[in-house]
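First up is the structure itself, then whatever we jot down about it.
There are 2 protein chains.
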Amino acid sequence: MRQHRFQKDLPFSETEYERRLALTRAAMERAGIEVLLVTDPANMAWITAYDGWSFYVHQGVLVFPDADPVWWGRNQDTNGAIRTVWMGDDRVIGYADNYVQSTERHPMEDLAQRLIGMGLEGARLGVEMENYYFSAKAYQALAAALPDATLIDATALVNWQRGIKSAEEIAFMRKAAKISEKIVDGLLERVEPGVPKHQVVAEIQRDAILGVGDDWGDYASIVPLLPSGSDAAAPHLTWDGRPFNKGEATFFEIAGCYRRYHTPFCRTIFLGEPPEIFRSAEAALVEGLEAGLEAARAGNRACDIADALAAPLERAGIERGARCGYPIGLSYPPDWGERTISIRSEDETVLQPGMTFHFMPGLWMSDWGLEITESILITENGPAECFCDRPRQMFVKP
Amino acid sequence: MRQHRFQKDLPFSETEYERRLALTRAAMERAGIEVLLVTDPANMAWITAYDGWSFYVHQGVLVFPDADPVWWGRNQDTNGAIRTVWMGDDRVIGYADNYVQSTERHPMEDLAQRLIGMGLEGARLGVEMENYYFSAKAYQALAAALPDATLIDATALVNWQRGIKSAEEIAFMRKAAKISEKIVDGLLERVEPGVPKHQVVAEIQRDAILGVGDDWGDYASIVPLLPSGSDAAAPHLTWDGRPFNKGEATFFEIAGCYRRYHTPFCRTIFLGEPPEIFRSAEAALVEGLEAGLEAARAGNRACDIADALAAPLERAGIERGARCGYPIGLSYPPDWGERTISIRSEDETVLQPGMTFHFMPGLWMSDWGLEITESILITENGPAECFCDRPRQMFVKP
Numbered sequence: 001m002r003q004h005r006f007q008k009d010l011p012f013s014e015t016e017y018e019r020r021l022a023l024t025r026a027a028m029e030r031a032g033i034e035v036l037l038v039t040d041p042a043n044m045a046w047i048t049a050y051d052g053w054s055f056y057v058h059q060g061v062l063v064f065p066d067a068d069p070v071w072w073g074r075n076q077d078t079n080g081a082i083r084t085v086w087m088g089d090d091r092v093i094g095y096a097d098n099y100v101q102s103t104e105r106h107p108m109e110d111l112a113q114r115l116i117g118m119g120l121e122g123a124r125l126g127v128e129m130e131n132y133y134f135s136a137k138a139y140q141a142l143a144a145a146l147p148d149a150t151l152i153d154a155t156a157l158v159n160w161q162r163g164i165k166s167a168e169e170i171a172f173m174r175k176a177a178k179i180s181e182k183i184v185d186g187l188l189e190r191v192e193p194g195v196p197k198h199q200v201v202a203e204i205q206r207d208a209i210l211g212v213g214d215d216w217g218d219y220a221s222i223v224p225l226l227p228s229g230s231d232a233a234a235p236h237l238t239w240d241g242r243p244f245n246k247g248e249a250t251f252f253e254i255a256g257c258y259r260r261y262h263t264p265f266c267r268t269i270f271l272g273e274p275p276e277i278f279r280s281a282e283a284a285l286v287e288g289l290e291a292g293l294e295a296a297r298a299g300n301r302a303c304d305i306a307d308a309l310a311a312p313l314e315r316a317g318i319e320r321g322a323r324c325g326y327p328i329g330l331s332y333p334p335d336w337g338e339r340t341i342s343i344r345s346e347d348e349t350v351l352q353p354g355m356t357f358h359f360m361p362g363l364w365m366s367d368w369g370l371e372i373t374e375s376i377l378i379t380e381n382g383p384a385e386c387f388c389d390r391p392r393q394m395f396v397k398p
Numbered sequence: 399m400r401q402h403r404f405q406k407d408l409p410f411s412e413t414e415y416e417r418r419l420a421l422t423r424a425a426m427e428r429a430g431i432e433v434l435l436v437t438d439p440a441n442m443a444w445i446t447a448y449d450g451w452s453f454y455v456h457q458g459v460l461v462f463p464d465a466d467p468v469w470w471g472r473n474q475d476t477n478g479a480i481r482t483v484w485m486g487d488d489r490v491i492g493y494a495d496n497y498v499q500s501t502e503r504h505p506m507e508d509l510a511q512r513l514i515g516m517g518l519e520g521a522r523l524g525v526e527m528e529n530y531y532f533s534a535k536a537y538q539a540l541a542a543a544l545p546d547a548t549l550i551d552a553t554a555l556v557n558w559q560r561g562i563k564s565a566e567e568i569a570f571m572r573k574a575a576k577i578s579e580k581i582v583d584g585l586l587e588r589v590e591p592g593v594p595k596h597q598v599v600a601e602i603q604r605d606a607i608l609g610v611g612d613d614w615g616d617y618a619s620i621v622p623l624l625p626s627g628s629d630a631a632a633p634h635l636t637w638d639g640r641p642f643n644k645g646e647a648t649f650f651e652i653a654g655c656y657r658r659y660h661t662p663f664c665r666t667i668f669l670g671e672p673p674e675i676f677r678s679a680e681a682a683l684v685e686g687l688e689a690g691l692e693a694a695r696a697g698n699r700a701c702d703i704a705d706a707l708a709a710p711l712e713r714a715g716i717e718r719g720a721r722c723g724y725p726i727g728l729s730y731p732p733d734w735g736e737r738t739i740s741i742r743s744e745d746e747t748v749l750q751p752g753m754t755f756h757f758m759p760g761l762w763m764s765d766w767g768l769e770i771t772e773s774i775l776i777t778e779n780g781p782a783e784c785f786c787d788r789p790r791q792m793f794v795k796p
């Protein structure tokens, strides 16, 4: 790796970035890709250490088989790239500001000119076709400006390399888990009938950013989700200013975040005396979670977790339509999943030590909901390890 | 509008949603679009009142010339749609969960089947080609599944209809502005040498969500940006745990948010005695802002604001490469701009009463930065009105 001019606070060791680049290059070779355009901000950060809220304009990282990656983005963001990436300043290039949200020109036309300048006009170029930050228009503009190139779908090519976490990454996730625990502790303390929901959110967002000890909190890729009562049927409603009510369950879907690494964690709080339907759902769900954790072993498959979970739920008459988990780690809004494996009956991916998942069997019924989840690590031997250490139950406050 | 089953807390009046639908339909007709697929979450919310953090999976709103819109998304999110949109429940449709992040099937294949079922397989279908939430793959999958349809680029078609705010929307933005003022007041109080940056962020995020009076705060579409010293050259760096230092300027880019409506607001705090370069830049910038506000009148053009700003800056030897503003209002991550007008010398859009902008002439030099900005409303007569009421200056704390 080249020397760099600024004193940079890289999150990981040089070895770690070399590991990531080697994995990416090997995957490129297998896919027959000569140059890879990475536009997923998490993939960009994973490879180069770039970090900034600039993904609302077009940007990317070019990965080559035999030269350092190139960060490419808006001119004004090159200052942020120079300050965060491990590559030399000569590997950071910007495009003029009048490409931004223009109706006349597209940033991908600038990128195409760069590639042509590198003699890559006829390259086999990998692009992440299914990504928030590679729009339909970006694809069209790039393809039109590089008529001799072959564009190859490299969706999730880098994401798959991120699946098995290094020890350095797991250490970050353990710090994030401490923050998740702190958030849940704060919820248990503060949620009471009559307390407006936004007030509780304000306090837990404060907790999340204050972090734990010297480990400051980063912004999570999803805001806290905490619907109550009938609204808990809807997994993705955000907060408002109405109070928590006696006789209602609220699920809390949150994640501590340490330097972009997440450990999501969900618990449900019932205020008052839960009806039998909640008690029996809780029992079945906890039994399913524990069966799933047992099944979450290296050598088993993703579907084995889903099937282990499903059995006790089915016995309790609960049919879940949705997947029950996804890989986690480094991420940027709008999602904290890695978008590779889905824990569901049709996914036969073999589990390997170092993989990390949010085991997330949320129950969203027609007029109520219940979430009890765990962020887990697949270990060398034995069942999955849970990142957070809090009782696996629905909490009841009388 | 149809009756609905749930007691819904719609943000706006029925008249307001009728206005929006009529504007959208007229724009569709001008563009020769028979059915419009809206995937931008802000456009979806503007038309239907849908609100939820579900945009990390494919979803959309179909707008027809002569029938109520249809909300389409993941099955588990139909519960959120039923609870938030003004249309009847029969206008909410979901797709099976095994379409989510699948390598075998794409949600757009489900949407295509819905359109075919409506007899629209040969329709002139508008799609938002340049949008975070309409990926290159989504476009390909939709086009492949609807070979007889004509896909028309409807990028920003709805965004342009959002430009002139109604009185109801302006009332929301005034509430957001009060929250912005509260955040800036909190910054002035708390930023001191030696205070770790994340601690200040924790407090202002709390302030933002607590809101002002009965007006609870929503999440802003961009997290607070607050780089210091040399890092202030980089506009989009987020926080860390290092302390504020004497002798450094930090700019704060924040936005209060009330029910998804934003009023961004930026101020700079210098700790210690600012060097002459800051004083002269501040003077030129404030002069430029005031000239720009004078030029921001109905009947003038966007470029007139940019040109008015540029003159005093150029006299001070400061050349800005970037645009100096964009329209604001309703938005979702990752951006709080509307992505239509850009306030820059080449944009000749005529300003109209009710338009709202973030007038944002940030200075990002090679090793320092300065931001003093205003969120503004174009009025019937006279110069622009500023939403926030705080001194237009660099704040100096000795």
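Respectively, the protein sequence lines represent chains A and B.
At position 82 of the first sequence the residue is numbered 82 (my numbering), and the sequence of numbers has no breaks.
At position 313 of the second sequence the residue is numbered 711 (my numbering), and the sequence of numbers has no breaks.
Here a beta-carbon is modelled for each residue, glycine too, at the ideal position from N, C-alpha and C.
Model, not experiment: these values are computed from the prediction.
Span of the alpha helix (DSSP H) holding residue i?
i, result
"I95 of chain A", "Checking the displayed sequence, the identity of residue 95 of chain A turns out to be Tyr instead of Ile. Premise fails: Y95 of chain A lies in the beta strand (DSSP E), V92 to Y95, not in any alpha helix (DSSP H)."
"A574 of chain B", "A565 to R588"
"P678 of chain B", "Note that residue 678 of chain B is Ser in the sequence shown here, rather than Pro. Looking at the DSSP string, the run of the alpha helix (DSSP H) that includes S678 of chain B is E674 to A693."
"T446 of chain B", "P439 to T446"
"K535 of chain B", "A534 to A543"
"A443 of chain A", "In the structure displayed, chain A extends from 1 to 398; residue 443 of chain A sits before or after that span and is not available."
"Y415 of chain B", "E412 to A429"
"M108 of chain A", "P107 to G117"
For the beta strand (DSSP E) that contains residue i, what are its first and last residues?
i, result
"W368 of chain A", "Segment: none, W368 of chain A is in no beta strand (DSSP E) and carries neither H nor E."
"G80 of chain A", "Element bounds for G80 of chain A: not the beta strand (DSSP E) but the alpha helix (DSSP H), N75 to T84."
"E772 of chain B", "E772 to L775"
"R267 of chain A", "Y261 to L271"
"P312 of chain A", "No beta strand (DSSP E) contains P312 of chain A, which is instead part of the alpha helix (DSSP H) from A302 to R315."
"L151 of chain A", "T150 to D153"
"V158 of chain A", "Per DSSP, V158 of chain A belongs to no beta strand (DSSP E); it is in the alpha helix (DSSP H), L157 to Q161."
"P751 of chain B", "Unbroken run through P751 of chain B: none, as it is neither H nor E."
"L36 of chain A", "V35 to V38"
Determine the burial state of residue i: buried for a count of at least 16 other Cβ atoms within 10 Å of its Cβ, exposed for fewer.
i, result
"Q393 of chain A", "exposed"
"E130 of chain A", "buried"
"G399 of chain A", "In this structure chain A extends from 1 to 398, so residue 399 of chain A is not present and cannot be described."
"A306 of chain A", "buried"
"S366 of chain A", "exposed"
"S13 of chain A", "exposed"
"G325 of chain A", "buried"
"T8 of chain A", "The sequence as given places Lys at residue 8 of chain A; Thr does not occur at that position. With fewer than 16 Cβ atoms within 10 Å of its Cβ, K8 of chain A is classed as exposed."
"T501 of chain B", "exposed"
Counting only Cβ pairs nearer than 7 Å, list the residues of chain D close to residue i.
i, result
"Q499 of chain B", "Of the chains in the structure shown, none is chain D; the protein chains are A and B."
Cutting at 6 Å between CB atoms, please list the residues of its own chain near residue i, excluding the five before and the five after it.
i, result
"G780 of chain B", "none"
"I209 of chain A", "G217"
"K397 of chain A", "L271"
"P196 of chain A", "G241 and P243"
"L691 of chain B", "P781 and A782"
"E427 of chain A", "Residue 427 of chain A falls outside the range modelled here, since chain A spans only 1 to 398, and no answer is possible."
Assuming residue i and residue j are in contact, meaning their beta carbons sit under 8 Å apart, how far apart are those beta carbons, in whole angstroms?
i, j, result
"H596 of chain B", "D546 of chain B", "With a Cβ gap of about 55 Å, H596 of chain B and D546 of chain B do not count as contacting."
"L747 of chain B", "A700 of chain B", "Reading the sequence as shown, one finds Thr at residue 747 of chain B and not Leu. Yes, they are in contact, since the Cβ atoms of T747 of chain B and A700 of chain B sit about 5 Å apart, within 8 Å."
"R124 of chain A", "T150 of chain A", "5 Å"
"E625 of chain B", "T648 of chain B", "Position check: residue 625 of chain B holds Pro in this sequence, whereas Glu was assumed. Confirmed, Cβ separation roughly 7 Å."
Leaving out five residues on either side along the sequence, give the residues of the same chain with a beta carbon under 7 Å from the beta carbon of residue i.
i, result
"R560 of chain B", "W444, G727, L728 and E736"
"A233 of chain A", "W364, M365, S366, D367, W368 and G369"
"R403 of chain B", "With a pLDDT of 43 at R403 of chain B, under the threshold of 50, the modelled position of this residue cannot be trusted; read the value that follows with caution. Excluding residues within five positions, the ones whose Cβ falls inside 7 Å are D487."
Looking only at its own chain, which residues have a Cβ that is under 8 Å from the Cβ of residue i, when we skip the five neighbours before and after it?
i, result
"F395 of chain A", "L188, R267, T268, I269 and F270"
Item checked: Members of the region 179-213 of chain A that neighbour chain B once the beta carbon cut-off is set at 9 Å -> P196, K197, H198, Q199, V201, A202, E203, Q205, R206, D207, A208, I209, L210 and G211
Next item on the list: Please list the residues of the region 454-480 of chain B that have a C-beta atom closer than 7 Å to any C-beta atom in chain A, keeping them in chain order.
Entry: Y454, N473, Q474, D475, N477 and G478
Margin query: Using a Cβ-Cβ cutoff of 9 Å, what residues of the region 119-139 of chain A are near chain B? List them in chain order.
Written below: V127, E128, M129, E130, N131, Y132, Y133, F134, S135, A136, K137, A138 and Y139
Margin query: Along the region 716-729 of chain B, where does the CB come closer than 7 Å to a CB of chain A? Name the residues.
Written below: Among the residues of the region 716-729 of chain B, those with a Cβ less than 7 Å away from any Cβ of chain A are G719, A720 and R721, in the order of the chain.
Checklist line | Against chain A: residues of the region 751-762 of chain B by CB proximity under 7 Å | finding: W762
Check: Listed from N- to C-terminal order along the chain, which residues in the region 227-238 of chain A have their beta-carbon within a distance smaller than 7 Å of any beta-carbon of chain B?
Finding: D231, A233, A234, P235, H236, L237 and T238
Check: Listed from N- to C-terminal order along the chain, which residues in the region 551-567 of chain B have their beta-carbon within a distance smaller than 9 Å of any beta-carbon of chain A?
Finding: D551, T553 and A554
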